[in-house]
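Numbering (the UniProt record's numbering), first residue to last: 1 to 294.
Have a look at the structure below before the remarks.
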């Protein structure tokens, strides 16, 4: 009963808003589009949209079909792209999703030699997703997800790339700079800088402060690593970053990193992919290249 064409029509209506614009986006006449949907409505015995002036509003039935379209259409397009690449001997694009803000410096070290080896593969890096990184991987928005917090699902595979220690960063002139480690209560008067991520997803909260029922004086978000570390170096506050990244910046900035507690916070970076796609040669080679870079 439902065909791919119906899914494309509902997706176009949702995106474009009007019948005219939807028809234009699909290179169809309005009458052909309307006729097809009327036939579908006759089969399912309920309308899929309602007119509101010049605009169209999807009904509950239409929204159900749209949900299916959002899930299925990207898979169609992705598979068609792969089939085209197989048929023509061409390579496509590798879309990388980032759930690890400080990993850009590491990713650059991976991408540079990879592009030399695979000149016909385009790379696109995305950080913002409509349904989060995991949802983007499921819905074929991206091909690889870089994340320190894998969520294992039956149709996904997460490959560990490298281990690291999450550390507190302070100014070299900070009152705590002479210590090797830090206890939760010692941060009660500190301003904590972080990337714009929900606090519950920050390791400094989930693995250090919250278990000890402690918190910081104030929490501020900053989008870029460089600005964050400049604020720390100026004594405006502290932040938590991977130790390998801090070591790089400490070569040119007056900062120092401390261990969280006695044992520290140990983390791993993972690459998430859809099961079965590890057989794609240019994707598997990216993973192999990533495992060699520290």
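In this text, a Cβ means the ideal position worked out from N, Cα and C, and glycines have one as well.
Would residue i be called buried (16 or more neighbouring beta carbons within 10 Å of its own) or exposed?
i           : result
residue 232 : buried
residue 255 : buried
residue 136 : buried
residue 263 : exposed
residue 164 : buried
residue 257 : buried
residue 185 : exposed
residue 32  : exposed
residue 197 : exposed
residue 42  : exposed
residue 225 : buried
residue 35  : exposed
residue 151 : exposed
residue 227 : exposed
residue 108 : exposed
residue 133 : buried
residue 115 : exposed
Does the beta carbon of residue i sit closer than 9 Å to a beta carbon anywhere in chain B?
i          : result
residue 38 : No chain B is part of this structure, which consists of one protein chain only.
Residues bridged to residue i by DSSP?
i           : result
residue 185 : Note: residue 185 sits in no beta bridge, so no partner.
residue 221 : 194
residue 57  : 50
residue 239 : 169, 193
residue 257 : 169
residue 267 : 164
residue 272 : 145, 158
residue 18  : 55
Among the options, which residue has its Cα nearest to the Cα of residue i?
i           : options            : result
residue 101 : 291, 290, 269, 284 : 269
residue 63  : 53, 247, 179, 46   : 46
residue 105 : 117, 121, 125, 206 : 125
residue 215 : 224, 246, 183      : 183
residue 18  : 42, 127, 108, 53   : 53
residue 205 : 229, 77, 241       : 241
residue 25  : 9, 246, 290        : 9
residue 203 : 154, 148, 178      : 148
residue 118 : 292, 294, 281, 293 : 281
residue 20  : 261, 5, 56         : 56
residue 188 : 291, 213, 173      : 213
residue 145 : 274, 79, 5         : 274
residue 181 : 16, 223, 190, 167  : 167
residue 15  : 30, 259, 58, 3     : 58
residue 51  : 29, 294, 13, 158   : 13
residue 291 : 92, 60, 200, 110   : 110
residue 78  : 210, 40, 140       : 140
residue 65  : 81, 3, 115, 120    : 3
residue 143 : 293, 289, 283      : 283
residue 176 : 288, 218, 154, 259 : 259
residue 162 : 80, 266, 120       : 266
residue 211 : 219, 220, 200      : 200
Measure the beta-carbon distance from residue i to residue j and round it to whole angstroms, keeping in mind my assumption that it falls under 8 Å.
i           : j           : result
residue 83  : residue 123 : No, residue 83 and residue 123 are not in contact; Cβ-Cβ is about 21 Å, not under 8 Å.
residue 7   : residue 48  : That pair is no contact at about 11 Å.
residue 171 : residue 235 : 5 Å
residue 44  : residue 1   : 7 Å
residue 169 : residue 103 : Actually they do not touch by this definition, with Cβ atoms about 16 Å apart.
residue 229 : residue 253 : 6 Å
residue 208 : residue 261 : 7 Å
residue 69  : residue 22  : So it is not a contact: roughly 13 Å between Cβ atoms.
residue 278 : residue 237 : That pair is no contact at about 42 Å.
residue 289 : residue 74  : The Cβ separation is near 26 Å, so there is no contact.
Sorry if obvious, but does the Cβ on residue i come closer than 8 Å to a heavy atom of the ligand SAH?
i           : result
residue 212 : The model on display carries no ligand, and the ligand SAH is accordingly not part of it.
Start-end ranges of the alpha helix (DSSP H) lying completely within the region 88-152, minimum 4 residues = Listed in chain order, they are 104-117, 132-138.
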